[in-house]
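Everything in the sequence shown is counted per full-length UniProt numbering, starting at 1 for the first residue and increasing by one.
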Amino acid sequence: MNNKIQITTNSIFLFGYFNFFGIEACKSYEKAFSLFINASEKDHILSHCYVGLCYQYGHGTTKNEKLAFKYYELAAKKGFAAGQSQIGYFYDQEIGVKINLQMAIHWYKNAGNSIAIHNLGICYGNGFGVKKDYNKAFELFKQSAKKKDSDGLAMLGYCYYNGIGTNIDKYKAFNLYNRAADLGNMIAINNHANMYENGDKIKKDLDKAIYWYEKSAQQGYLYAQNRIEELSKIKDRKKKNIIFII
(Lines of atoms letter the chains of each structure in order from A and count residues from 1; the text may use other names and numbers.)
(Lines give C-alpha, C1' and ligand atoms only; values in the text may rest on other atoms or scores of the structure.)
Protein backbone atom coordinates (compact mmCIF):
# COMPACT_ATOMS: atom_id res chain seq x y z
CA MET A 1 0.00 0.00 0.00
CA ASN A 2 2.77 2.45 0.97
CA ASN A 3 4.61 1.68 -2.28
CA LYS A 4 1.47 2.50 -4.27
CA ILE A 5 1.10 5.81 -2.42
CA GLN A 6 4.76 6.65 -3.11
CA ILE A 7 4.38 5.80 -6.80
CA THR A 8 1.35 8.09 -6.93
CA THR A 9 3.13 11.00 -5.25
CA ASN A 10 6.20 10.52 -7.46
CA SER A 11 3.95 10.67 -10.52
CA ILE A 12 2.24 13.83 -9.28
CA PHE A 13 5.63 15.43 -8.67
CA LEU A 14 6.89 14.43 -12.13
CA PHE A 15 3.84 15.94 -13.82
CA GLY A 16 4.54 19.11 -11.87
CA TYR A 17 8.20 19.00 -12.87
CA PHE A 18 7.30 18.58 -16.56
CA ASN A 19 4.94 21.56 -16.37
CA PHE A 20 7.48 23.65 -14.47
CA PHE A 21 10.19 23.18 -17.10
CA GLY A 22 7.97 22.67 -20.16
CA ILE A 23 9.08 19.07 -20.74
CA GLU A 24 6.65 17.18 -23.00
CA ALA A 25 4.12 19.87 -22.11
CA CYS A 26 3.61 23.62 -22.35
CA LYS A 27 5.36 25.39 -19.50
CA SER A 28 2.84 26.32 -16.83
CA TYR A 29 3.99 27.45 -13.41
CA GLU A 30 0.37 27.50 -12.23
CA LYS A 31 -0.20 23.81 -13.06
CA ALA A 32 3.21 22.91 -11.69
CA PHE A 33 2.55 24.70 -8.41
CA SER A 34 -0.80 22.97 -7.98
CA LEU A 35 0.79 19.56 -8.55
CA PHE A 36 3.72 20.29 -6.24
CA ILE A 37 1.30 21.34 -3.49
CA ASN A 38 -0.68 18.13 -4.02
CA ALA A 39 2.42 15.96 -3.69
CA SER A 40 3.78 18.02 -0.79
CA GLU A 41 0.57 17.43 1.15
CA LYS A 42 1.37 13.72 0.78
CA ASP A 43 4.83 14.43 2.29
CA HIS A 44 6.81 14.12 -0.94
CA ILE A 45 10.19 15.60 0.07
CA LEU A 46 11.32 16.99 -3.29
CA SER A 47 7.89 18.57 -3.73
CA HIS A 48 8.41 20.47 -0.47
CA CYS A 49 11.46 22.08 -2.08
CA TYR A 50 9.67 22.94 -5.31
CA VAL A 51 6.75 24.48 -3.43
CA GLY A 52 9.36 26.53 -1.56
CA LEU A 53 10.94 27.52 -4.87
CA CYS A 54 7.57 28.61 -6.27
CA TYR A 55 6.82 30.74 -3.21
CA GLN A 56 10.35 32.18 -3.19
CA TYR A 57 10.15 33.50 -6.75
CA GLY A 58 6.40 33.78 -7.27
CA HIS A 59 6.19 30.98 -9.84
CA GLY A 60 2.54 30.04 -10.28
CA THR A 61 1.55 31.71 -7.03
CA THR A 62 1.99 34.93 -5.09
CA LYS A 63 5.54 35.43 -3.88
CA ASN A 64 5.74 34.67 -0.16
CA GLU A 65 9.19 34.24 1.37
CA LYS A 66 7.84 33.14 4.76
CA LEU A 67 5.97 30.28 3.12
CA ALA A 68 9.03 29.50 1.01
CA PHE A 69 11.03 29.11 4.22
CA LYS A 70 8.31 26.91 5.74
CA TYR A 71 8.39 24.44 2.84
CA TYR A 72 12.17 24.38 2.56
CA GLU A 73 12.24 23.65 6.28
CA LEU A 74 9.93 20.67 5.78
CA ALA A 75 12.47 19.21 3.35
CA ALA A 76 15.41 20.17 5.57
CA LYS A 77 13.99 18.38 8.60
CA LYS A 78 13.66 15.24 6.47
CA GLY A 79 17.42 15.42 5.87
CA PHE A 80 17.18 16.70 2.28
CA ALA A 81 20.38 18.62 1.48
CA ALA A 82 18.82 21.12 -0.96
CA GLY A 83 16.26 22.15 1.66
CA GLN A 84 18.93 22.43 4.34
CA SER A 85 21.11 24.58 2.09
CA GLN A 86 18.17 26.85 1.28
CA ILE A 87 17.07 27.53 4.84
CA GLY A 88 20.71 28.15 5.71
CA TYR A 89 20.75 30.77 2.97
CA PHE A 90 17.44 32.25 4.20
CA TYR A 91 18.88 32.62 7.72
CA ASP A 92 22.07 34.04 6.22
CA GLN A 93 20.36 36.65 4.03
CA GLU A 94 17.29 37.34 6.23
CA ILE A 95 14.82 36.02 3.67
CA GLY A 96 11.43 35.22 5.18
CA VAL A 97 12.99 34.84 8.63
CA LYS A 98 15.11 36.93 11.02
CA ILE A 99 18.83 36.80 10.32
CA ASN A 100 20.58 34.15 12.38
CA LEU A 101 24.13 33.42 11.23
CA GLN A 102 24.60 30.59 13.73
CA MET A 103 21.56 28.82 12.30
CA ALA A 104 22.79 29.53 8.78
CA ILE A 105 26.12 27.88 9.55
CA HIS A 106 24.37 24.96 11.26
CA TRP A 107 22.30 24.22 8.17
CA TYR A 108 25.15 24.81 5.72
CA LYS A 109 27.20 22.22 7.62
CA ASN A 110 24.29 19.79 7.68
CA ALA A 111 23.62 20.17 3.96
CA GLY A 112 27.20 19.61 2.82
CA ASN A 113 26.34 20.13 -0.85
CA SER A 114 28.44 22.30 -3.17
CA ILE A 115 26.29 25.42 -2.69
CA ALA A 116 26.26 25.12 1.10
CA ILE A 117 30.03 24.51 1.22
CA HIS A 118 30.61 27.62 -0.90
CA ASN A 119 28.32 29.70 1.33
CA LEU A 120 30.10 28.38 4.40
CA GLY A 121 33.37 29.47 2.81
CA ILE A 122 31.95 32.98 2.42
CA CYS A 123 31.07 32.99 6.13
CA TYR A 124 34.60 31.98 7.16
CA GLY A 125 36.19 34.40 4.69
CA ASN A 126 34.23 37.34 6.09
CA GLY A 127 33.80 36.29 9.71
CA PHE A 128 30.02 36.00 9.42
CA GLY A 129 28.84 34.05 12.48
CA VAL A 130 32.27 32.47 12.92
CA LYS A 131 35.82 33.65 13.57
CA LYS A 132 37.36 34.86 10.32
CA ASP A 133 39.61 32.14 8.92
CA TYR A 134 41.03 32.56 5.41
CA ASN A 135 42.65 29.12 5.44
CA LYS A 136 39.33 27.47 6.29
CA ALA A 137 37.56 29.55 3.62
CA PHE A 138 40.13 28.49 1.02
CA GLU A 139 39.69 24.80 1.88
CA LEU A 140 35.90 25.10 1.69
CA PHE A 141 36.07 26.82 -1.71
CA LYS A 142 38.38 24.03 -2.86
CA GLN A 143 35.82 21.42 -1.74
CA SER A 144 33.02 23.28 -3.52
CA ALA A 145 35.14 23.61 -6.67
CA LYS A 146 35.81 19.86 -6.67
CA LYS A 147 32.05 19.39 -6.88
CA LYS A 148 32.13 21.64 -9.98
CA ASP A 149 30.14 24.44 -8.36
CA SER A 150 30.67 27.57 -10.46
CA ASP A 151 30.67 29.87 -7.41
CA GLY A 152 33.18 27.61 -5.68
CA LEU A 153 35.43 27.64 -8.76
CA ALA A 154 35.17 31.43 -9.03
CA MET A 155 35.97 31.99 -5.35
CA LEU A 156 38.87 29.53 -5.44
CA GLY A 157 40.20 31.51 -8.39
CA TYR A 158 39.75 34.70 -6.38
CA CYS A 159 41.73 33.18 -3.50
CA TYR A 160 44.61 32.25 -5.80
CA TYR A 161 44.52 35.65 -7.48
CA ASN A 162 44.67 37.58 -4.19
CA GLY A 163 46.58 35.13 -2.00
CA ILE A 164 43.70 34.43 0.38
CA GLY A 165 44.46 31.32 2.44
CA THR A 166 47.12 30.32 -0.09
CA ASN A 167 50.00 31.71 -2.12
CA ILE A 168 49.24 33.98 -5.07
CA ASP A 169 49.09 31.97 -8.29
CA LYS A 170 47.49 33.95 -11.10
CA TYR A 171 47.88 31.10 -13.59
CA LYS A 172 45.70 28.90 -11.37
CA ALA A 173 43.32 31.83 -10.87
CA PHE A 174 43.01 32.27 -14.64
CA ASN A 175 42.29 28.57 -15.22
CA LEU A 176 39.70 28.48 -12.44
CA TYR A 177 38.01 31.64 -13.74
CA ASN A 178 37.96 30.00 -17.17
CA ARG A 179 36.23 26.88 -15.84
CA ALA A 180 33.70 28.93 -13.86
CA ALA A 181 33.12 31.26 -16.82
CA ASP A 182 32.35 28.28 -19.05
CA LEU A 183 29.62 27.41 -16.53
CA GLY A 184 28.17 30.92 -16.87
CA ASN A 185 29.42 32.41 -13.59
CA MET A 186 29.17 36.19 -13.96
CA ILE A 187 31.94 37.09 -11.50
CA ALA A 188 34.33 34.66 -13.17
CA ILE A 189 33.38 35.90 -16.65
CA ASN A 190 34.17 39.47 -15.64
CA ASN A 191 37.43 38.57 -13.89
CA HIS A 192 38.44 36.43 -16.87
CA ALA A 193 37.85 39.38 -19.20
CA ASN A 194 39.79 41.68 -16.89
CA MET A 195 42.84 39.42 -16.97
CA TYR A 196 42.78 39.39 -20.78
CA GLU A 197 42.38 43.17 -20.85
CA ASN A 198 45.36 43.82 -18.59
CA GLY A 199 47.59 40.96 -19.71
CA ASP A 200 47.69 39.84 -16.09
CA LYS A 201 50.11 36.88 -16.17
CA ILE A 202 48.68 35.95 -19.58
CA LYS A 203 49.08 37.43 -23.04
CA LYS A 204 47.07 40.63 -23.39
CA ASP A 205 44.21 40.10 -25.84
CA LEU A 206 41.60 42.84 -26.26
CA ASP A 207 39.47 40.71 -28.60
CA LYS A 208 39.14 37.97 -25.98
CA ALA A 209 38.56 40.59 -23.28
CA ILE A 210 35.70 42.08 -25.31
CA TYR A 211 34.31 38.58 -25.98
CA TRP A 212 34.09 37.83 -22.25
CA TYR A 213 32.87 41.30 -21.31
CA GLU A 214 30.05 40.80 -23.83
CA LYS A 215 29.11 37.59 -22.02
CA SER A 216 29.04 39.55 -18.76
CA ALA A 217 27.07 42.44 -20.29
CA GLN A 218 24.44 39.97 -21.52
CA GLN A 219 23.76 39.20 -17.86
CA GLY A 220 23.17 42.90 -17.15
CA TYR A 221 26.56 43.85 -15.71
CA LEU A 222 26.96 47.58 -16.43
CA TYR A 223 30.71 47.65 -15.75
CA ALA A 224 31.22 45.11 -18.54
CA GLN A 225 29.25 47.25 -21.00
CA ASN A 226 31.42 50.25 -20.12
CA ARG A 227 34.59 48.21 -20.67
CA ILE A 228 33.35 47.02 -24.08
CA GLU A 229 32.83 50.61 -25.19
CA GLU A 230 36.25 51.70 -23.90
CA LEU A 231 38.14 48.75 -25.39
CA SER A 232 36.37 49.18 -28.73
CA LYS A 233 37.58 52.80 -28.79
CA ILE A 234 41.14 51.66 -28.05
CA LYS A 235 40.98 49.12 -30.88
CA ASP A 236 39.67 51.78 -33.29
CA ARG A 237 42.48 54.16 -32.35
CA LYS A 238 45.05 51.43 -32.97
CA LYS A 239 43.58 50.72 -36.41
CA LYS A 240 43.74 54.42 -37.32
CA ASN A 241 47.37 54.59 -36.19
CA ILE A 242 48.26 51.60 -38.38
CA ILE A 243 46.56 53.19 -41.41
CA PHE A 244 48.38 56.48 -40.77
CA ILE A 245 51.78 54.73 -40.53
CA ILE A 246 51.18 52.84 -43.78
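Each residue gets a CB set at the ideal place from its N, CA and C atoms; glycine is no exception.
With the cut-off set at 8 Å, would you say residue i and residue j are in Cβ contact?
{"i": "Gly129", "j": "Ile105", "result": "yes"}
{"i": "Ile228", "j": "Ile210", "result": "yes"}
{"i": "Ile119", "j": "Asp92", "result": "The residue you asked about is not Ile; residue 119 is Asn in the sequence shown. Contact flag set, yes."}
{"i": "Ile117", "j": "Leu140", "result": "yes"}
{"i": "Phe18", "j": "Tyr29", "result": "no"}
Might you give, ordered along the chain, the residues of its own chain that have their beta carbon closer than 6 Å to the beta carbon of residue i, omitting 5 neighbours on each side?
{"i": "Tyr71", "result": "His48, Val51 and Gly52"}
{"i": "Glu73", "result": "Ile87"}
{"i": "Ala173", "result": "Gly157, Tyr160 and Tyr161"}
Measuring only the C-alpha atoms, how far is residue i from residue j?
{"i": "Gly112", "j": "Ala81", "result": "7 Å"}
{"i": "Glu197", "j": "Lys42", "result": "55 Å"}
{"i": "Asn110", "j": "Tyr55", "result": "23 Å"}
{"i": "Lys27", "j": "Ala39", "result": "19 Å"}
{"i": "Lys131", "j": "Ala75", "result": "29 Å"}
{"i": "Asn178", "j": "Leu101", "result": "32 Å"}
{"i": "His192", "j": "Thr9", "result": "45 Å"}
{"i": "Asp207", "j": "Gly16", "result": "44 Å"}
{"i": "Phe69", "j": "Asp182", "result": "32 Å"}
{"i": "Lys235", "j": "Ile23", "result": "45 Å"}
{"i": "Glu65", "j": "Val97", "result": "8 Å"}
{"i": "Ile187", "j": "Asn226", "result": "16 Å"}
Tell me the residue span of the alpha helix (DSSP H) that contains residue i.
{"i": "Gly88", "result": "Ala81 to Gln93"}
{"i": "Tyr50", "result": "Ile45 to Tyr57"}
{"i": "Asp149", "result": "Asp149 -> no alpha helix (DSSP H), and no H or E assigned at all."}
{"i": "Ile164", "result": "Premise fails: Ile164 is in no alpha helix (DSSP H) and is neither H nor E."}
{"i": "Ile99", "result": "Element bounds for Ile99: n/a, residue is neither H nor E."}
{"i": "Lys70", "result": "Glu65 to Lys77"}
Taking only three categories from DSSP, how would you classify residue i?
{"i": "Thr9", "result": "helix"}
{"i": "Ala25", "result": "coil"}
{"i": "Asn226", "result": "helix"}
{"i": "Gln218", "result": "helix"}
{"i": "Gly125", "result": "helix"}
{"i": "Lys235", "result": "helix"}
{"i": "Leu183", "result": "coil"}
{"i": "Gly157", "result": "helix"}
{"i": "Lys204", "result": "coil"}
{"i": "Lys109", "result": "helix"}
For residue i, which residues in the same chain have their Cβ closer than 8 Å to its Cβ, ignoring the five residues on either side in sequence?
{"i": "Ile168", "result": "Tyr160, Tyr161 and Asn162"}
Kindly list the residues whose CB is nearer than 7 Å to the CB of residue i, restricted to its own chain and excluding five residues on each side of it in sequence; keep chain order.
{"i": "Leu46", "result": "Phe13"}
{"i": "Ile243", "result": "With a pLDDT of only 47 at Ile243, under 50, the local geometry of the prediction cannot be trusted, and no value is derived from it."}
Could you check if residue i belongs to the surroundings of the ligand COA, using beta carbon to heavy atom distance under 7 Å?
{"i": "Phe174", "result": "Because no ligand of any kind appears in the structure shown, any question about the ligand COA cannot be addressed here."}
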